[in-house]
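Colleague:
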Amino acid sequence: MRPLRLHLDDFGSFREPATVDFSGVDYFVLVGPTGAGKSTLIDAICFALYGTVPRWGKENVIAHALAPSAVSAKVALVFESAGRRLAVVRALRRDAKGKVHTAEARLDELDPSVPASAELEDLLAAVVRPVAEGAAVTGEVQRVTGLEYRFFTQCVVLPQGRFAEFLHAQPRERQDLLVQLLDADVYERVRRRAVQEEQAAAQAAGFARERLARLTDADEPAERAAADRLAALHALDARIRTDLEGLRGHDEELRRLADERDALRDRLAALAALALPADVPTLASSARAAAGEAAALTETVTAAEAAERRAEDELAAHDDPAVLLERLQALETYERLLADLAAAEAQAAETRAALEPLAARSRTLDAAATEAEQARDRLRDAHAGAGLARRLVVGEPCPTCLQPVTTLPHHPATADLHAAEKRLTTARREADQAGRAHTEALTELRHLDRTVDDLTTRATTLRKELLPENSAVEPFDGRVEREWIAAWREELEGRVAAGREAERRAAGARRAAREARAELSTARKRAGELAGRTERLWRDIEAARDTVVPLGAPPLDRADLHHAWTALLAWRDEAEGRERAALESQEARIAETGRQARALWTSVVAQLTEHDVAVPDRPAALGESVSAAVAQAQAWLDRVKENRAAARELRERVEKEEERARVAKELAQCLRADAFERWLCTEALDLLVTAASETLRELSDGQYELTLGARNEIEVIDHAEAGMRRNARTLSGGETFQAALALALALSDQVAGLSATAARSLDSLFLDEGFGSLDPATLDTVATTLERLAAGRDRMVGVVTHVPALADRIPVRFEVSRDAKGSHLSRTTA
Numbered sequence: 020m021r022p023l024r025l026h027l028d029d030f031g032s033f034r035e036p037a038t039v040d041f042s043g044v045d046y047f048v049l050v051g052p053t054g055a056g057k058s059t060l061i062d063a064i065c066f067a068l069y070g071t072v073p074r075w076g077k078e079n080v081i082a083h084a085l086a087p088s089a090v091s092a093k094v095a096l097v098f099e100s101a102g103r104r105l106a107v108v109r110a111l112r113r114d115a116k117g118k119v120h121t122a123e124a125r126l127d128e129l130d131p132s133v134p135a136s137a138e139l140e141d142l143l144a145a146v147v148r149p150v151a152e153g154a155a156v157t158g159e160v161q162r163v164t165g166l167e168y169r170f171f172t173q174c175v176v177l178p179q180g181r182f183a184e185f186l187h188a189q190p191r192e193r194q195d196l197l198v199q200l201l202d203a204d205v206y207e208r209v210r211r212r213a214v215q216e217e218q219a220a221a222q223a224a225g226f227a228r229e230r231l232a233r234l235t236d237a238d239e240p241a242e243r244a245a246a247d248r249l250a251a252l253h254a255l256d257a258r259i260r261t262d263l264e265g266l267r268g269h270d271e272e273l274r275r276l277a278d279e280r281d282a283l284r285d286r287l288a289a290l291a292a293l294a295l296p297a298d299v300p301t302l303a304s305s306a307r308a309a310a311g312e313a314a315a316l317t318e319t320v321t322a323a324e325a326a327e328r329r330a331e332d333e334l335a336a337h338d339d340p341a342v343l344l345e346r347l348q349a350l351e352t353y354e355r356l357l358a359d360l361a362a363a364e365a366q367a368a369e370t371r372a373a374l375e376p377l378a379a380r381s382r383t384l385d386a387a388a389t390e391a392e393q394a395r396d397r398l399r400d401a402h403a404g405a406g407l408a409r410r411l412v413v414g415e416p417c418p419t420c421l422q423p424v425t426t427l428p429h430h431p432a433t434a435d436l437h438a439a440e441k442r443l444t445t446a447r448r449e450a451d452q453a454g455r456a457h458t459e460a461l462t463e464l465r466h467l468d469r470t471v472d473d474l475t476t477r478a479t480t481l482r483k484e485l486l487p488e489n490s491a492v493e494p495f496d497g498r499v500e501r502e503w504i505a506a507w508r509e510e511l512e513g514r515v516a517a518g519r520e521a522e523r524r525a526a527g528a529r530r531a532a533r534e535a536r537a538e539l540s541t542a543r544k545r546a547g548e549l550a551g552r553t554e555r556l557w558r559d560i561e562a563a564r565d566t567v568v569p570l571g572a573p574p575l576d577r578a579d580l581h582h583a584w585t586a587l588l589a590w591r592d593e594a595e596g597r598e599r600a601a602l603e604s605q606e607a608r609i610a611e612t613g614r615q616a617r618a619l620w621t622s623v624v625a626q627l628t629e630h631d632v633a634v635p636d637r638p639a640a641l642g643e644s645v646s647a648a649v650a651q652a653q654a655w656l657d658r659v660k661e662n663r664a665a666a667r668e669l670r671e672r673v674e675k676e677e678e679r680a681r682v683a684k685e686l687a688q689c690l691r692a693d694a695f696e697r698w699l700c701t702e703a704l705d706l707l708v709t710a711a712s713e714t715l716r717e718l719s720d721g722q723y724e725l726t727l728g729a730r731n732e733i734e735v736i737d738h739a740e741a742g743m744r745r746n747a748r749t750l751s752g753g754e755t756f757q758a759a760l761a762l763a764l765a766l767s768d769q770v771a772g773l774s775a776t777a778a779r780s781l782d783s784l785f786l787d788e789g790f791g792s793l794d795p796a797t798l799d800t801v802a803t804t805l806e807r808l809a810a811g812r813d814r815m816v817g818v819v820t821h822v823p824a825l826a827d828r829i830p831v832r833f834e835v836s837r838d839a840k841g842s843h844l845s846r847t848t849a
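In my numbering, each residue carries its 1-based index in the sequence shown increased by 19.
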């Protein structure tokens, strides 16, 4: 991990935004008065990556990052690791209760093509992809840097007072750190993969052995047997082809004889099909009787049609019944209109007589309501005056006349105003009801008058339609008009009855004519059917004779159908005898040919059975059966050869997989986690101690070296005491700083070479204080060592110190100052 840009905003003592540009810097120093905020910059790097700071004591405490007067803070770090450029941002916020929470945490991968010297906003904006957010940021940072927080503070950031943690750590703790730094878990993955390979190889060998055990016919005798059977079947195939030609000849002869036999059977069937129809003997007499019946019915139809015409003429002479019925209906309507008119006139007279009393009652009740209202108003005034009198004061002006009151008036008791209001309401309701009754009566009278006018108009119009213009009957003359209506109804009903009687007689005549025509149609149909039947029977006998003309049938006599059939059947009996004798001879020839074919087939079946060849169900499939047997024999031979080759390959595969399983097993045993990891860490620790010992010898002017004890604890060899070995915890403060610094430098310098995957590279080292206890010579040695460390490899070294002699030798200086507004940062170059 190598930082490129660090930005602080209200973090710790930095109350104003500050940005540290590390691009192009390999070796720098942070200087300034005590308490100015130098360590805060190292804290900000650690907080950005892991969300906590070693000086805060507990990893989960974040409140110290926020100044007491600040409500929010933000830290952003742009860094490079393993060839990738990333940015981590953490923001804090204080809630209303004063508790500090993480408001934002994110880790993004940035575009490395943006110059490292670009503005911070441009660097942060060049996001290639988001990597993690929230609580997942710390875990992803650990994966990217390859270090947990506790190991990061031992190898990369060495805080104040914690230089000696790795030096004084227990062997197990140092081993945990080395496992992470060296990617030792890759060996555990290799061991697990070796176990998997051993299992896979053993399984593959087992599968190969199982397949080898299942292989049959995989030896030389089986191959010889398969070859011998194939040769025998080839010889059988040649013999069977000759027999097959003979079978085909017999089949063709049998088909020819069968065709001739079928032709004889067809001729016999044609002769047997000749049969005399049942109705031929009686057909002629039936046809003559049907013709006579049709002639007699023709005369009957003629007489019935004449009677039908006379009845139709008589019906036409009568009035149309529909017209007469319309007049009767109009007469009934007129009579009903007269009754409705009389009822409407009577009701109108009754309503008119009741109208005046209703009008008089309405006027009376209106006057009573007016009087009740006037009485209510007088009573209301009296009540108002009495109430006003009770409020008058002698000498004060009267509210009504505005004159001074000299004497108080006395008002007698007044009647109940509520009762007067109730009487007024009752009088108004009765007046309204009387008015509505009068209005309703007027409305009803107008309606009745309109009804009388309408009925009168309709009756007058209908009367003009019913009576002739010169009629002597007076309009609406009750008795005369009733007599006229009765006489007119009687006349119309008589004319309707006469018309209906004429219609009944015409219907009877039509029915008799229709029945006669139906009988004539039936008789003619019967005569036609018999004539058609005779014609069809002539066609049938001609068609029957045509089927046997090739057999020598005689010509037909067209004079008599019955005689023609008798002559044809007599010839049929003679022809049947000849054809039956020819059929029996053909059957004998077919039987002999079939016997010869069966004998040849029996011989073929015997040969097939002898060679274990399936016998087909028909001779036509004989060639296919033998060819199939030859193909099966060839396939058997090929399979035997393939099985022998497969057996050789499987035996080789078993040997190969068993060898692979043995190698994988040995590798897994060598890489057992409890032994290999301990050995690997011991070797790595030995290299680190050796490298650190050289640095410590330079720092201590040859007095001290480091070495490992029997339990992998770090011990010091004191050459000033005749090479005495003692525990590193017995060193003084300055001596402890020198030893811890030597180990830290060795870790930074050696970890990339020791890592199994070469992925771990401690690209940065930050040392916070601890130099004040060194004498000038040792300080010079430390400075030289740090300069060599920064220049010897692409590594950043940062130092926090109050020692001017050391600070003056570092090329890039970041000066930190502090005033009432907080800490401030400026950069200078030596």
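Beta carbons are placed, not taken as given, at the ideal position from N, Cα and C, and that holds for glycine.
Being a predicted model, the structure only gives us computed values, none of them experimental.
(1) Quick one: what's G817 bridged to in DSSP?
(2) By DSSP, does T383 sit in helix, in strand, or in coil?
(3) From what residue to what residue does the alpha helix (DSSP H) around P22 run?
(4) Would you mind working out which of T319, Q348 and R681 sits nearest E217, comparing C-alpha positions?
(5) What is the DSSP secondary structure of H430, reduced to helix, strand or coil?
(6) To the nearest angstrom, how far is the alpha carbon of E159 from that of V831?
(7) Checking the sheet assignment: what are the DSSP bridge partners for I733?
(8) Let's test the definition: count the other Cβ atoms within 10 Å of the Cβ of Q757 and tell me whether it reaches 16, buried, or not, exposed.
(9) For P638, I'd like the list of residues in its chain whose CB is within less than 6 Å of its CB, leaving aside the five on either flank, ordered along the chain.
(10) Just how far apart, CA to CA, sit T321 and P573?
(11) Can you check whether the CB of A683 is closer than 8 Å to the CB of A220?
(12) Which residue wins for smallest C-alpha separation from D256, given the options Q626, A528, T820 and A124?
(13) For the alpha helix (DSSP H) that contains D262, what are its first and last residues?
(14) Looking at C-alpha atoms only, which residue of D62, D40 and G43 is the closest neighbour of F33?
(15) Check the C-beta distance from E128 over to R148 and give it rounded, since I have them as a contact under 8 Å.
(16) With 16 other CB atoms within 10 Å as the buried threshold, where does R519 fall?
(17) If you measure between the beta carbons of V801 and F790, is that distance less than 8 Å?
(18) Classify D592 as buried or exposed, calling it buried when 16 or more other Cβ atoms lie within 10 Å of its own Cβ.
(19) With C-beta atoms as the reference, is V97 less than 8 Å away from L166?
(20) For V39, name the three-state secondary structure that DSSP assigns.
(21) If you draw a straight line from the C-alpha of T776 to the C-alpha of L60, how long is it?
(22) In three-state terms, what does DSSP make of G547?
(23) Closest by CA to W620, which one among V90, R260 and G841?
(24) Any idea if K93 is buried or exposed, counting beta-carbon neighbours within 10 angstroms, 16 or more meaning buried?
(25) Find the nearest neighbour of D238 within the set R667, V39 and E629, judged by alpha-carbon distance.
(26) Pick helix, strand or coil for R181, following the three-state DSSP scheme.
(27) What do you get for T164, buried or exposed, if any count of 16 or more other CB atoms within 10 angstroms of its CB means buried?
(28) In the DSSP assignment, what are the bridge partners of F98?
(29) For the beta strand (DSSP E) containing G836, list its first residue and its last residue.
(30) Out of G153, A349 and G571, which has the shortest C-alpha to C-alpha gap to I504?
(31) Just how far apart, CA to CA, sit V568 and A633?
(32) So, does the region 819-830 touch the region 43-52, judging by three or more C-beta pairs under 8 Å?
(33) Would you check if the region 424-433 and the region 408-416 touch, i.e. whether three or more CB-CB distances between them fall below 8 Å?
(34) Could you name the residues of the same chain whose beta carbon sits closer than 7 Å to that of A157, not counting the 5 residues immediately before and after it, in chain order?
(35) Can you tell which of V133, A532, T383 and D285 has its C-alpha closest to the C-alpha of Q452?
(36) Would you decide whether C420 is buried or exposed? Buried here means 16 or more other CB atoms lie within 10 Å of its CB.
Modeller: Let's see:
(1) F47 and F785
(2) helix
(3) It is not in any alpha helix (DSSP H) - P22 instead sits in the beta strand (DSSP E) that spans R21 to D28.
(4) R681
(5) Here H430 sits in coil by DSSP.
(6) 31 Å
(7) L727
(8) With 16 or more other Cβ atoms within 10 Å, it is buried.
(9) L266
(10) 50 Å
(11) yes
(12) Q626
(13) E239 to A291
(14) D62
(15) 5 Å
(16) exposed
(17) yes
(18) exposed
(19) no
(20) strand
(21) The pLDDT assigned to T776 is 45, lower than 50, so where the model puts this residue is not dependable, and the model offers no usable value.
(22) helix
(23) R260
(24) Flag for K93 reads buried.
(25) R667
(26) For R181, the predicted model reports a pLDDT of 46, less than 50, meaning its position is unreliable; a value from the coordinates is still stated below. In the structure shown, R181 sits in coil (DSSP, three-state: anything other than H, G, I, E or B).
(27) buried
(28) In DSSP, F98 forms a bridge with P22 and L105.
(29) Per the sequence presented here, residue 836 reads as Ser, with Gly not at that position. Its beta strand (DSSP E) spans residues V831 to D838.
(30) Of G153, A349 and G571, the residue nearest in Cα terms is A349.
(31) 52 Å
(32) Contact between the region 819-830 and the region 43-52 is present, because at least three Cβ pairs lie under 8 Å.
(33) By the C-beta criterion, the region 408-416 is judged to be in contact with the region 424-433, since at least 3 inter-stretch pairs fall below 8 Å.
(34) The question names Ala, yet the displayed sequence has Thr at residue 157. These residues qualify, in order along the chain: Y69 and G70.
(35) Measuring from the Cα of Q452, the nearest candidate turns out to be T383.
(36) exposed
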